[in-house]
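Student: Could you have a look at this structure, given as structure tokens, before my questions?
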Amino acid sequence: MSGGMLVGRRQIATVFLAFAFAYFLSTLVRAITATLSPTLTAEFELEARDLGLLAGGYFLGFAFTQLPMGTWLDRHGPKRVVVSFLCVAVVGCLLFSVATHFSLLLAARVLTGIGVSACLMAPLTGYRRWLAPPMQLRSNSWMLMVGSFGLVGATLPVHWLMPYLGWRPLFWLLAAGVVVSMALIAWTAPAWRHNLAADAPDDAAPDTAPAGAGYAAVWRDPFFRKLAPIGFFNYGGFVAMQTLWAVPWLTRVAGYAPYDAANALFWISIALLGTYWLWGVANPWLAQRGIPAARLMAWCLPAAMAVFAAILIAGPAAGTGAWAFFLCVSTVVTLAQPAVAMALPPALAGRALSAYNLVVFAGVFVVQWGIGLLIDLFIGGGLDTVAAFRAAMSVFLGCCVVSYIYFLWAPPHNRRVVLRPA
Numbered sequence: 000m001s002g003g004m005l006v007g008r009r010q011i012a013t014v015f016l017a018f019a020f021a022y023f024l025s026t027l028v029r030a031i032t033a034t035l036s037p038t039l040t041a042e043f044e045l046e047a048r049d050l051g052l053l054a055g056g057y058f059l060g061f062a063f064t065q066l067p068m069g070t071w072l073d074r075h076g077p078k079r080v081v082v083s084f085l086c087v088a089v090v091g092c093l094l095f096s097v098a099t100h101f102s103l104l105l106a107a108r109v110l111t112g113i114g115v116s117a118c119l120m121a122p123l124t125g126y127r128r129w130l131a132p133p134m135q136l137r138s139n140s141w142m143l144m145v146g147s148f149g150l151v152g153a154t155l156p157v158h159w160l161m162p163y164l165g166w167r168p169l170f171w172l173l174a175a176g177v178v179v180s181m182a183l184i185a186w187t188a189p190a191w192r193h194n195l196a197a198d199a200p201d202d203a204a205p206d207t208a209p210a211g212a213g214y215a216a217v218w219r220d221p222f223f224r225k226l227a228p229i230g231f232f233n234y235g236g237f238v239a240m241q242t243l244w245a246v247p248w249l250t251r252v253a254g255y256a257p258y259d260a261a262n263a264l265f266w267i268s269i270a271l272l273g274t275y276w277l278w279g280v281a282n283p284w285l286a287q288r289g290i291p292a293a294r295l296m297a298w299c300l301p302a303a304m305a306v307f308a309a310i311l312i313a314g315p316a317a318g319t320g321a322w323a324f325f326l327c328v329s330t331v332v333t334l335a336q337p338a339v340a341m342a343l344p345p346a347l348a349g350r351a352l353s354a355y356n357l358v359v360f361a362g363v364f365v366v367q368w369g370i371g372l373l374i375d376l377f378i379g380g381g382l383d384t385v386a387a388f389r390a391a392m393s394v395f396l397g398c399c400v401v402s403y404i405y406f407l408w409a410p411p412h413n414r415r416v417v418l419r420p421a
């Protein structure tokens with residue numbers, strides 16, 4: 000059964016749209032701190048490390064929930080889990096809107112991160128059971144495309160609304176939108192079967208991964224372990240740059256005004272939206288021709304790292320186009336999530352996705368906060384702002400290179416195939 004469509008096309012379209020709306024809101028609230036960073040920095044007198052911690056607090060909330068959430072998804076299904084979690088997101092948005100000091104802002108961001116942490120993993124867990132493998136890859140890419148709409152919404156639209164509403168009422172609107180998404184998911188999502196031995200792939204033992212089991216089978220999987228460093232540094236860093244550090248680079252290194260930086264982030268998000276759409280179109284075609292996600296990452300990640308190195312060398316000359324190119328090429332890392340899920344039996348899909356998501360968002364938190372700490376450290380050591388940004392991000396690039404080398408040449412006990420690019 001794992002090879003065919005388990006849900007009708009019309010129903011899956013409705014389900015996709017309901018989950019996509021929730022994910023749209025989650026990415027909007029995730030990225031809004033980048034657009035609001037000049038306002039929040041001025042109003043709360045934030046240092047670079049504070050801004051990094053505030054943005055990273057969202058991902059810290061994500062990381063807190065991933066392991067229990069994976070078990071709950073496998074046991075209770077996407078509908079019950081995501082609706083329950085989104086209640087916390089409503090509280091987080093409302094708390095952020097009334098915060099008067101940094102600690103409350105941070106607590107609200109953590110709560111919001113907890114609340115929306117199932118918005119992608121829940122539908123991907125469902126797609127693992129409901130859709131054929133090529134359609135799982137397409138649905139993953141198109142969910143991320145919808146997420147890019149959220150990133151677009153967090154840029155110029157937020158900047159345009161700020162003079163009329165202020166930043167606090169924006170979070171009231173977000174809370175209301177989350178409530179609407181909860182109702183849509185509760186209405187459309189299919190019922191969930193607790194055990195699904197019949198849907199296990201032919202080469203898996205369906206009775207070896209009951210829904211009540213832990214994460215041992217996931218952590219032991221060699222494919223999962225091979226992708227873990229890539230998930231932490233390359234994937235986590237991709238999200239960290241997209242949702243925070245691209246804007247401070249543009250304003251503090253390239254000299255953009257806040258409006259120009261918001262405009263740049265808008266066009267970067269449009270470029271990402273188109274890239275995810277192309278991945279969604281191409282993935283079934285690539286899968287049919289035997290080109291796996293791991294091989295695509297082996298081919299494309301060196302290009303992404305080379306572009307990032309060029310950004311660091313160019314310094315103030317690296318603007319919107321360079322950042323858009325880097326982030327678009329880096330989207331190849333998003334193929335890792337469905338690849339990890341498909342490498343394990345359907346009964347483990349929620350845990351596989353959540354475990355990998357934990358790795359990714361722990362990486363986002365470390366990279367976002369770590370770069371802020373390093374920037375402050377290097378400035379305190381006598382470097383100017385441009386040099387401090389370059390130095391901090393060079394440390395991040397070095398970590399990405401090491402994780403890629405591990406991905407290609409991991410020890411024999413921890414690999415399935417040699418992935419050296421042709």
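Start counting the sequence shown at 0; every next residue gets the next number (numbering that gives the first Met the number 0). All residues carry an ideal CB built from backbone N, CA and C; glycine is no exception. Computed from a predicted structure; not experimentally measured.
Given that a residue counts as buried once 16 or more other Cβ atoms are within 10 Å of its Cβ, and exposed if not, what is Trp408?
Tutor: exposed
Student: Specify whether the stretch 141-161 and the stretch 261-280 touch according to this definition: at least 3 beta carbon pairs, one from each stretch, less than 8 Å apart.
Tutor: yes
Student: Pick from Phe223, Phe170, Val363, Phe237: whose alpha carbon is nearest that of Tyr405?
Tutor: Phe223
Student: Write down every uninterrupted run of the alpha helix (DSSP H) in the stretch 277-356 whose length is 4 residues or greater and which is fully enclosed by it, in chain order.
Tutor: 292-313, 319-329, 335-341
Student: Return the CA-CA distance between Val28 and Leu226, expressed in angstroms with no decimal places.
Tutor: Spanning the two alpha carbons is a distance of roughly 27 Å.
Student: Which word fits Tyr491, buried or exposed, when buried means at least 16 other C-beta atoms lie within 10 angstroms of its C-beta?
Tutor: This structure cannot settle anything about residue 491, because the visible part of the chain is limited to 0 through 421.
Student: Keeping to the same chain, check which residues put their C-beta closer than 6 Å to that of Ala340; ignore five residues upstream and five downstream.
Tutor: Arg127, Ala348, Ala351, Leu352
Student: What does the alpha-carbon distance come out to for the pair Val246 and Thr34?
Tutor: Near 8 Å, if we compare the C-alpha coordinates of Thr34 and Val246.
Student: In three-state DSSP terms, what is Trp159?
Tutor: helix
Student: Can you tell me which of Thr99, Ser402, Ile374 puts its alpha carbon nearest to the alpha carbon of Val332?
Tutor: Nearest option by C-alpha distance: Ser402.
Student: Quick one, are the C-beta atoms of Thr124 and Pro77 less than 7 Å apart?
Tutor: yes
Student: Could you check the C-alpha separation between Phe395 and Glu46 for me, to the nearest Å?
Tutor: 20 Å
Student: Do Leu357 and Ala62 count as a contact pair if the criterion is CB distance below 7 Å?
Tutor: yes
Student: Using a Cβ-Cβ cutoff of less than 7 Å, which residues in the same chain neighbour Arg137 once the five nearest sequence positions on both sides are dropped?
Tutor: Gly279, Asn282, Pro283
Student: If you reduce the DSSP assignment to three classes, tell me which class Arg389 lands in.
Tutor: helix
Student: What is the DSSP secondary structure of Ser25, counted as helix, strand or coil?
Tutor: helix
Student: Going by beta carbon distance, what residues of the same chain come within less than 6 Å of Cys118, once the five residues before and after it are set aside?
Tutor: Ala21, Tyr22, Ser25
Student: Use the C-beta contact count for Gly51: other C-beta atoms within 10 angstroms, 16 or more gives buried, fewer gives exposed.
Tutor: buried
Student: Pick from Gly289, Tyr255, Trp276, Phe364: whose alpha carbon is nearest that of Gly236?
Tutor: It is Phe364 whose Cα lies nearest to the Cα of Gly236.
Student: How do the stretch 129-144 and the stretch 74-88 stand: do at least 3 beta-carbon pairs fall below 8 Å, yes or no?
Tutor: no
Student: Between which two residues does the alpha helix (DSSP H) containing Val115 stretch?
Tutor: That residue, Val115, is in no alpha helix (DSSP H); it is neither H nor E in DSSP.
Student: Mapping the DSSP letters down to three states, classify Leu372 as helix, strand or coil.
Tutor: Here Leu372 sits in helix by DSSP.
Student: Could you compute how far the alpha carbon of Glu44 sits from the alpha carbon of Phe377?
Tutor: 20 Å
Student: Hey, could you find the ends of the alpha helix (DSSP H) Val151 is sitting in?
Tutor: 132-152
Student: State the Cα-Cα distance for the pair Gly320 and Ile267, rounded to the nearest angstrom.
Tutor: 8 Å
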